[in-house]
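To keep things clear, I will list the structure first and then write my remarks on it.
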Amino acid sequence: MRGRGRDVLVRSRIVPDELACPTDSLLPEELSLVSSRARMFGSLFVFAAAIRAIGYPTIFTSAGVHLPYAGDAYYHLRRIWFSVARFPETLPFDRYVSFPDGSQNIWPSTFDWTIAAFIRPFVDPTDQAAVEAIAVWAPVVLGATTAGLIALFAGRAYGEGAGWCAGALYSILPMSFIYSQLGMIDHHVAVALLTTAMLWLVYEVFDDDDSAETCADAIVTPSMGLCVAVGFSMAITIVTWTGSLIHACVLQAALGLRWFWTQDRVEARSRAIEFGVVQAVAAACLAPFSLGTHWQAYSDWSPLVLTHLQPIYFASAAGVVCVVQLLHDRSTFGRSRQRRTASGLAIAGTAGLAVLVVFDPLREAIFSASAWFGDGEILLDLASEMKPIFAPRGILELTFALERFGAGFFVLPFAWLYLAWRAFKTHSRAQWLILFWTLAFAVLTLRQWRFGNTLAVVYVILLSAVAADWFPRLRRRMRLAPVRPALEILVVTSLIVGSAMYMSAFYRPIVQMSVRALSSERHRNLGPLHPTKRIYDEAGRWLAEHSPVTQGYLDALLLPEYGVLSDWSSGHVLRYRSERPMIQDNFGPYVGRGSFELAWAYYAERREASAIEILEGLGVRYVIAGPMGAGSAKGLEPDAMAYQLWTASGSMMPISGGRDGGSLPGLSQHRLVFHAHTLPPNRRLRGLVPAQPFTSLGIWEIVAGAVIEGHAQPGAVIELQLQLRTKSRASHVYSREAVADESGRYRIVVPYSTDTEWSSDVRVTGLYRLTSQRANARLAVFESDVLSGGLVHGPQL
1345 MRGRGRDVLV
1355 RSRIVPDELA
1365 CPTDSLLPEE
1375 LSLVSSRARM
1385 FGSLFVFAAA
1395 IRAIGYPTIF
1405 TSAGVHLPYA
1415 GDAYYHLRRI
1425 WFSVARFPET
1435 LPFDRYVSFP
1445 DGSQNIWPST
1455 FDWTIAAFIR
1465 PFVDPTDQAA
1475 VEAIAVWAPV
1485 VLGATTAGLI
1495 ALFAGRAYGE
1505 GAGWCAGALY
1515 SILPMSFIYS
1525 QLGMIDHHVA
1535 VALLTTAMLW
1545 LVYEVFDDDD
1555 SAETCADAIV
1565 TPSMGLCVAV
1575 GFSMAITIVT
1585 WTGSLIHACV
1595 LQAALGLRWF
1605 WTQDRVEARS
1615 RAIEFGVVQA
1625 VAAACLAPFS
1635 LGTHWQAYSD
1645 WSPLVLTHLQ
1655 PIYFASAAGV
1665 VCVVQLLHDR
1675 STFGRSRQRR
1685 TASGLAIAGT
1695 AGLAVLVVFD
1705 PLREAIFSAS
1715 AWFGDGEILL
1725 DLASEMKPIF
1735 APRGILELTF
1745 ALERFGAGFF
1755 VLPFAWLYLA
1765 WRAFKTHSRA
1775 QWLILFWTLA
1785 FAVLTLRQWR
1795 FGNTLAVVYV
1805 ILLSAVAADW
1815 FPRLRRRMRL
1825 APVRPALEIL
1835 VVTSLIVGSA
1845 MYMSAFYRPI
1855 VQMSVRALSS
1865 ERHRNLGPLH
1875 PTKRIYDEAG
1885 RWLAEHSPVT
1895 QGYLDALLLP
1905 EYGVLSDWSS
1915 GHVLRYRSER
1925 PMIQDNFGPY
1935 VGRGSFELAW
1945 AYYAERREAS
1955 AIEILEGLGV
1965 RYVIAGPMGA
1975 GSAKGLEPDA
1985 MAYQLWTASG
1995 SMMPISGGRD
2005 GGSLPGLSQH
2015 RLVFHAHTLP
2025 PNRRLRGLVP
2035 AQPFTSLGIW
2045 EIVAGAVIEG
2055 HAQPGAVIEL
2065 QLQLRTKSRA
2075 SHVYSREAVA
2085 DESGRYRIVV
2095 PYSTDTEWSS
2105 DVRVTGLYRL
2115 TSQRANARLA
2125 VFESDVLSGG
2135 LVHGPQL
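Heads up: the sequence shown begins at 1345 in our numbering, then just goes up one per residue.
Rendered as structure tokens:
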């Protein structure tokens, strides 16, 4: 055995392996060190948890638990509730997604099932409110644990001062807060914790320079246990989020570089064995979750979901390592670093290219997955987290990055260069690993800001390492030459003040909502959602109370009776609040492209009859219409269904660019049953659509429509009107027109009845008024005729 042995804790103090002994055999100095680490972790855990709970008054209300965003967290909560209610089952196939066909869940169940398993012993399985009240704390606990772990990791790599600074900075950093705040139940909070642990484990592998003369000796080195842990951590991170394959590949590249850049054959053999063990363990742990799976919407080799790809990829990597190292041991290719690197890359590259050329399914799956970093998919163009950090709305915008990372984000390249210089001087491969990881995720964050969740960890570590190195030397330098240190202090103070200003702009709305919630029960019940999303929460609650119950919400074997269509970005919150199946949701086309494309076709359709055919094929009973149509109004014709429902509210309305002389004809089979808007209570609403920046939505029930037939003068125009009022203080006149044919016969199909209450939110005032030239009449329409498409004899005009 060769090497310097393993250092267990901080760089400033080398602790012998006896630290692993029972507590009663530890020396006082070692006990003090352990105690200081425990205080560091505990203090920062409490501090980080307190920051993440600042939205408590808006999350816990008398109306129940609200979540801070109307997105993926609501679907995670659905799966948690399902697993608690039917423990230990998961929800691999959900008929309430991509109705009517249903869809397999593209997210692994690990994250949600684990939370459900922790909750299950403490609640009544039928008490959904109790499940919600505990589940919303999961991101707080995971985020606070990450803050404590970062402090320990930074202390291990750069000293105790850097640890305290990194943990405190991560606790308050908005980028870390986003995915770990109270109620933000999302697997990305677990990914931050797991990838930090994974990075630390690989750091320890890099910090261990032990090497062995033989393969048998290499297997029993202390680093081998670390390699097993690294492989296991890679697997558990990937089965939490399949996108973590990117994180594993970054570390895989780092391990490969470490292997190639060793000084001699003996050390290279040890590095190769370590690399191979990591890959083999990852493959073995992933195999039970991935091998044998079959996906309806994905190739069996897709990296977007758990498939054959992940375990076979890692197993193949282990095999390539063995082949290359065997070649190095038995040929001249292993004599020098350059030969080992060139031959290893050549063999691995040739093997990978050959597989892609020969195996079409794998090549197609990888090319399809690469679209996540392209601009070809409509959802990626709409999802904000897929946008670059400096262009979150499609245009250059520095404020977004400054609010989430502070001004230090622009100092990061300089901190990276300084620490790279220091790592070069000290020959620290472990610190080069941190820099390599930082570089990889800085590039990814520039392309998609969601990777800032990972970058935030090393961002605070690097800034803290520089600060911990700079601050202790400041007093001595001030005495010797005060001008330059004074300028440095001025620059650092400016960065801190600037960061505080931008970061406070991020937190200000959250704090203001919490303060208002504490002072007013009405504000508290509004919850934390932005008003433009709150109205969808209201719509979902209305559907839950006033629409027919559908079967199968907690039993995937049962087919629900009908579905609900809305824009894609509100599907998760609507499903959770209403417990009704959605045609499309926040998953977009990645769970059911057929339903997704038909949803967009419906909102773009210009003829109601064709739109109804689409809805009948999908089994839709209710349509929710807001300003976005299916998700974006971009490119829609002026007379598209999206505009007929929202802008015209189902009535006849003149427009420019439309058909039939530039007017919308009005709708005959869409009945408004619910209306909500974002206008403040003290503002008067005229019509159903408020002026910008306010907005509204409507729930439309699909009915057969009553057929009104009567007679008038040939060629006469018959105008029909009906007054509607809603609980949202809105009024609207439903209007249609018809022209009598040559025999004087006219025909109008209407969706509203006047004899009974068919909605708790919308009511009619009076009867239909029909007008033609100087003649006018009133007409009652019965609900039975509206539901059956019955004939109603109209007046003689």
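Just so you know, even glycine gets a beta-carbon here, dropped at the ideal spot from N, CA and C.
| Asked | Found |
| --- | --- |
| Whole-angstrom distance between G1408 and L2066, CA atom to CA atom | 38 Å |
| Element boundaries [alpha helix (DSSP H), containing H1292] | The structure shown does not extend to residue 1292, since the chain is modelled only from 1345 to 2141, so the question has no answer here. |
| Spatially closest choice to V2017 from D1983, V1967, A1977, K1978, by CA coordinates | V1967 |
| Contact check, F1540 vs L1589, beta carbons under 8 Å | Just to set this straight, residue 1540 is Thr in the shown sequence, not Phe. Going by C-beta atoms, T1540 is not nearer than 8 Å to L1589. |
| Rounded distance between the beta-carbons of L2032 and H2076, thought under 8 Å | 5 Å |
| Three-state secondary structure (DSSP) of N2026 | coil |
| Assigned secondary structure, G2054 (DSSP; H/G/I helix, E/B strand, else coil) | strand |
| Closest by C-alpha distance to E1330, when choosing among L2123, L2114, F1815 | The chain is shown only over 1345 to 2141; residue 1330 falls outside these bounds and no answer can be derived. |
| Rounded straight-line distance, which links the Cα of P1971 to that of Y1906 | 24 Å |
| A1825 classed as buried or exposed, judged by whether at least 16 other C-beta atoms fall within 10 angstroms | exposed |
| Rounded straight-line distance, which links the Cα of V2061 to that of S2087 | 14 Å |
| Secondary structure of Q1525, DSSP reduced to three states | coil |
| S2012, buried or exposed, once every other Cβ within 10 Å from all chains shown has been counted against 16 | buried |
| Cβ-Cβ distance between E1747 and F1850 below 8 Å | yes |
| Proximity of G1399 and I1778 at Cβ, strictly below 8 Å | no |
| Reference R1965, options L1537, V1908, E1618, closest by Cα | V1908 |
| DSSP three-state assignment for A2121, whether helix, strand or coil | strand |
| S2097 classed as buried or exposed, judged by whether at least 16 other C-beta atoms fall within 10 angstroms | buried |
| Neighbour-count burial assignment, I1522, 16 or more Cβ in a 10 Å radius | buried |
| Neighbour-count burial assignment, L1537, 16 or more Cβ in a 10 Å radius | buried |
| Close Cβ partners of C1593 (< 6 Å) along its chain, the five nearest in sequence each way excluded | none |
| Beta carbon of W1793 nearer than 8 Å to that of D2105 | no |
| Q2036, DSSP secondary structure in three states | coil |
| Where W1765 falls: helix, strand or coil (DSSP) | helix |
| Assigned secondary structure, A2082 (DSSP; H/G/I helix, E/B strand, else coil) | strand |
| Cβ neighbours of E1882 in the same chain (closer than 7 Å, five flanking residues each side left out) | A2020 |
| For V2077, three-class secondary structure by DSSP | strand |
| Contact under 8 Å by Cβ, L1903 with R1439 | yes |
| Three-state secondary structure assigned by DSSP to H1638 | coil |
| Buried or exposed by the 16-neighbour rule on C-beta atoms within 10 Å, applied to D2129 | buried |
| Cβ contact (3+ pairs, closer than 8 Å) linking the segment 1644–1660 and the segment 1700–1713 | yes |
| Among R1937, T2100, E2045, nearest to D1445 - alpha-carbon criterion | R1937 |
| N- and C-terminal bounds of the beta strand (DSSP E) containing I1968 | 1964–1969 |
| Stretch pair the segment 1935–1954 + the segment 1982–1997: three plus CB contacts closer than 8 Å | yes |
| Alpha carbon of W1776 to alpha carbon of W1605, nearest angstrom | 13 Å |
| Three-pair Cβ contact test at 8 Å for the segment 1449–1464 versus the segment 1507–1519 | no |
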